[in-house]
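Visitor:
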Amino acid sequence: MTKEIYTAALIIIGDEILSGRTHDSNTPWIAENLNEIGVRLYEVRVIPDDRQKIIKTVNEMRKAHDYVFTTGGIGPTHDDITAESIAAAFGVELELNDAAYGELLAYYKNESEITPSRKKMAMIPKGATLVDNPVSGAPGIKIENVYVFAGVPRIMQAMFDAIKHTLTGGKPVETRSVSCNLAESIVADGLAEIQSRYAEISIGSYPKYQNGKFGTALVLRGIDEEALAKATQEVADLVISLGEDHPIIA
630 MTKEIYTAAL IIIGDEILSG RTHDSNTPWI AENLNEIGVR LYEVRVIPDD
680 RQKIIKTVNE MRKAHDYVFT TGGIGPTHDD ITAESIAAAF GVELELNDAA
730 YGELLAYYKN ESEITPSRKK MAMIPKGATL VDNPVSGAPG IKIENVYVFA
780 GVPRIMQAMF DAIKHTLTGG KPVETRSVSC NLAESIVADG LAEIQSRYAE
830 ISIGSYPKYQ NGKFGTALVL RGIDEEALAK ATQEVADLVI SLGEDHPIIA
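Heads up, my numbering is the position in the sequence shown plus 629, with the first residue counted as 1.
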């Protein structure tokens with residue numbers, strides 16, 4: 630029997646994210662692309678460039694989800710420790726990978742350009758396979774259900790695109806929304822009652838400010854199209870009964 634729901638975790642690795650110096654833009658892109666193939670991004674963690682923290686988090690997440698994606702920490706500098714930490718998480722050695730070295734050589738053209746720091750990017754956990762990087766040469770890594778990507782958005786996206794066709798997913802999550810000019814507190818009780826009858830549908834309530842008015846956007850998500858349609862109609866009927874003349878249903 631085919632699984633209906635596949636889940637993934639994203640581990641964002643980097644002190645620069647936690648310090649606020651760099652803003653993460655990878656999460657929404659990965660979430661959208663996973664949803665297209667029926668994989669639900671279930672959990673996102675941001676952790677520092679800390680070996681033990683990376684090991685612990687990767688081992689926890691790879692047991693809990695179908696897929697784990699990491700971003701950051703696979704460059705040439707001293708604080709790029711993701712590859713060695715992934716190797717330790719799986720209990721394998723980090724070794725010079727001939728194919729990865731060949732990709733660096735093809736990118737830099739001259740072996741004299743491959744400094745010890747750059748050579749570090751060809752050090753791969755034993756038993757791992759490479760993820761193609763058509764942007765900057767240094768490959769990503771796949772080991773079991775863990776995919777190790779660069780943190781730079783353009784490179785990360787190219788790496789993800791290279792493996793996207795290999796991922797197995799279930800039904801994509803569909804989204805519907807009902808927008809109204811009512812406060813959250815007005816719709817809260819009725820919304821909770823509807824949610825109690827549709828356990829398979831996730832219903833979220835989000836305050837909004839538009840055209841000089843405060844209101845609420847009610848967002849419904851699920852993989853059962855029939856249940857989603859019914860729940861959406863009930864939410865629309867609810868806000869109408871509470872005084873909303875023209876709810877926007879999308």
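Glycine included, every Cβ here is placed at the ideal spot set by N, Cα and C. Fair warning: this is a prediction, and the values are worked out from it, not measured in the lab.
Is the beta carbon of Leu733 sitting closer than 8 Å to the one on Ala751?
Guide: Against the sequence shown, residue 733 aligns to sequence position 104. Against the sequence shown, residue 751 aligns to sequence position 122. Yes; because the gap between Cβ atoms is below 8 Å, this pair is in contact.
Visitor: If contacts are defined as beta-carbon pairs under 8 Å, then Gly799 and Tyr635 qualify, I think. What distance do you get, rounded to the angstrom?
Guide: Start at 1 with the first residue of the sequence shown, and residue 799 comes out as number 170. Start at 1 with the first residue of the sequence shown, and residue 635 comes out as number 6. Sure, about 5 Å apart at Cβ, within 8 Å.
Visitor: Determine whether the beta carbon atoms of Val777 and Arg850 lie at a separation below 8 Å.
Guide: Within the sequence shown, the letter at position 148 stands for residue 777. Within the sequence shown, the letter at position 221 stands for residue 850. Against a cut-off of 8 Å, the Cβ pair of Arg850 and Val777 comes out as no contact.
Visitor: Classify Glu661: buried if its beta carbon has 16 or more other beta carbons within 10 angstroms, exposed otherwise.
Guide: As a first step, residue 661 is located in the sequence shown; it is residue number 32 there, counting from the start. Flag for Glu661 reads exposed.
Visitor: Of the choices Gly720, Ser741, Ala638, whose alpha-carbon is the least far from that of Ala757?
Guide: Taking the first residue of the sequence shown as 1, we reach residue 757 at position 128. Per the Cα distances, Gly720.
Visitor: Could you spell out the range, first to last residue, of the beta strand (DSSP E) harbouring Ala846?
Guide: Here residue 846 is taken as the residue at index 217 of the sequence shown, counted from 1. Per DSSP, Ala846 belongs to the beta strand (DSSP E) from 842-851.
Visitor: Enumerate in chain order the residues of its own chain whose CB-to-CB distance from Ser714 is below 7 Å, with the five nearest sequence positions on each side excluded.
Guide: Position 85 of the sequence shown, counted from the first residue, corresponds to residue 714. So the qualifying residues of the chain are Arg680, Ile683, Ile684.
Visitor: Take every Cβ of the segment 862-874, pair it with every Cβ of the segment 807-815, and state whether three or more of those distances are shorter than 8 Å.
Guide: yes
Visitor: Would you mind reading off the limits of the alpha helix (DSSP H) that contains Leu857?
Guide: In the sequence shown, the residue the question calls residue 857 occupies position 228. Per DSSP, the unbroken alpha helix (DSSP H) holding Leu857 starts and ends at 854-870.
Visitor: With 16 other CB atoms within 10 Å as the buried threshold, where does Ala728 fall?
Guide: Locating residue 728 in the sequence shown gives position 99, where the first residue counts as 1. Its Cβ having fewer than 16 others within 10 Å, Ala728 is exposed.
Visitor: For Leu847, tell me which candidate among Ile830, Ser648, Glu855, Ile772 has the shortest Cα-Cα distance.
Guide: For the purposes of this step, residue 847 is taken as the residue at position 218 of the sequence shown. Nearest option by C-alpha distance: Ile830.
Visitor: Please report the residue range of the alpha helix (DSSP H) in which Val687 lies.
Guide: For the purposes of this step, residue 687 is taken as the residue at position 58 of the sequence shown. Here the alpha helix (DSSP H) through Val687 covers 680-693.
Visitor: Count the other CB atoms within 10 Å of the CB of His694; is the residue buried (16 or more) or exposed (fewer)?
Guide: As a first step, residue 694 must be located in the sequence shown, where it is residue number 65. Flag for His694 reads buried.
Visitor: Tell me the residue span of the alpha helix (DSSP H) that contains Met750.
Guide: Counting from 1 along the sequence shown, the entry for residue 750 is found at position 121. Note, Met750: premise wrong, no alpha helix (DSSP H); not H, not E.
Visitor: Compare the Cα-Cα distances from Ala812 to each of Leu871, Lys755, Asp653 and report the closest residue.
Guide: Here the question's residue 812 lines up with position 183 in the sequence shown. The shortest Cα separation from Ala812 among Leu871, Lys755, Asp653 belongs to Leu871.
Visitor: Applying the 10 Å Cβ sphere with the 16-neighbour rule, what's the burial state of Gly769?
Guide: Stepping through the sequence shown from its first residue, residue 769 is reached at position 140. When all chains shown are included, Gly769 counts as buried.
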